[in-house]
Amino acid sequence: MIGDVVGRPGRLAVSALLPDLRRSQNIDFVVCNGENAAGGRGLTSGTAGELFAAGVDVITSGNHIWNQREVIPYLDSEPRVLRPLNYPPGVPGRGHTIYKDVLVVNLLGRVFLGNFDDPFRLADQLLESLPLRPACLLIDFHAEATSEKVLAGWYFDGRASAVFGTHTHVPTCDARLLPGGTAHVSDVGMVGPRDSVLGVKPERVRAFLTTLMPARFDLAEGPVAFNSVLVDVDESSGRAVAVQRLDRVVDVEKTHGRRADE
Numbered sequence: 000m001i002g003d004v005v006g007r008p009g010r011l012a013v014s015a016l017l018p019d020l021r022r023s024q025n026i027d028f029v030v031c032n033g034e035n036a037a038g039g040r041g042l043t044s045g046t047a048g049e050l051f052a053a054g055v056d057v058i059t060s061g062n063h064i065w066n067q068r069e070v071i072p073y074l075d076s077e078p079r080v081l082r083p084l085n086y087p088p089g090v091p092g093r094g095h096t097i098y099k100d101v102l103v104v105n106l107l108g109r110v111f112l113g114n115f116d117d118p119f120r121l122a123d124q125l126l127e128s129l130p131l132r133p134a135c136l137l138i139d140f141h142a143e144a145t146s147e148k149v150l151a152g153w154y155f156d157g158r159a160s161a162v163f164g165t166h167t168h169v170p171t172c173d174a175r176l177l178p179g180g181t182a183h184v185s186d187v188g189m190v191g192p193r194d195s196v197l198g199v200k201p202e203r204v205r206a207f208l209t210t211l212m213p214a215r216f217d218l219a220e221g222p223v224a225f226n227s228v229l230v231d232v233d234e235s236s237g238r239a240v241a242v243q244r245l246d247r248v249v250d251v252e253k254t255h256g257r258r259a260d261e
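The letter at position 204 of the sequence shown is residue 203 when you use numbering that gives the first Met the number 0, and the numbering goes up by one with no holes.
Following this line, the structure appears as structure tokens:
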């Protein structure tokens, strides 16, 4: 599971690192949160295509999925791109997919984020409604509050292979196996400029927080942090047998011979 990809720097880092990681780590399946992949806010068909070309299998999202208008029809046509399951009925896209015999579910937390439907109840309804369910179930729980993401791990323990927290862009060090065989981490982190505030130039965030005046959140430059979590799942039982953080730093400007924000 790859953390929230932030703009062009994040996409370049995924392209630079993921193909070799798939080979060297024997990785069968890759989920990536792409809701900030287009300029730091939202996703487009083109930016999704870059992530797929780099080796991503399924792209999840969160509360910024609607920031790029062109993604709206794309969500209905591309089953490998998810929006959270607990958006209101009738909105474009889907909250789950089965791809390569892996069930991926995208949920959105409610604490500090907004008035969304209950992700736990809707996930229960989904799992009960599927007549045939793959053994491997991966959940991206996109949420602000650590407590809500920790609860998600315990709530789905024994039913999901892994529950990955996303959204805050700050990686947590609590990756572990829960007693029921579910791998959990409170937040995977991000793939974005390392010397930044969540991917944004620090001076831009400082201007906003100290003056409360509108400020343009330009993406930072320099080395890119690549945060991810690697889980080993028993194919027959769907239980996770190992989990570890897989973090890297890459200088995408050197790798690609130009500034990442060009």
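Just so it is clear, CB atoms sit at the ideal spot from N, CA and C, and this is done for glycine as well.
Within a 10 Å sphere around the beta-carbon of Val251 sit 16 or more other beta-carbons, which makes this residue buried.
For Phe216 and Val223, the gap between their C-alpha atoms comes out near 17 angstroms. The C-alpha of Phe51 lies about 8 angstroms from the C-alpha of Val57.
Between Ala142 and Leu112, the CB-CB gap stays under 8 angstroms. Asp231 and Ala47 have their C-alpha atoms spaced approximately 25 angstroms apart. Here the C-alpha atom of Tyr86 lies approximately 6 angstroms from the C-alpha atom of Phe115. Within the DSSP bridge table, the entry for Arg247 names Phe225 as partners. CA-to-CA, the gap between Asn226 and Met212 works out to about 31 angstroms.
Annotation for Ala241: Asp231 place their beta carbon closer than 6 angstroms to its own, counting only its chain and skipping 5 residues before and after. In this structure, DSSP gives Tyr98 an extended state, which the three-state scheme calls strand. Within the region 27-115, the complete beta strand (DSSP E) runs of at least 3 residues fall at 30-32, 57-59, 95-98, 101-107. Between Ala134 and Ser236, the beta carbon gap of about 6 angstroms places them in contact (Cβ cut-off 8 angstroms).
Counting of Cβ neighbours within 10 angstroms places Glu202 among the exposed residues, the total staying below 16.
DSSP links Arg158 through a beta bridge to no other residue. The closest CA to that of Lys253, considering only Gly6, Gly221, Ile71, Glu147, is found on Gly221. Between Val149 and Gly2, the C-beta spacing is not below 8 angstroms.
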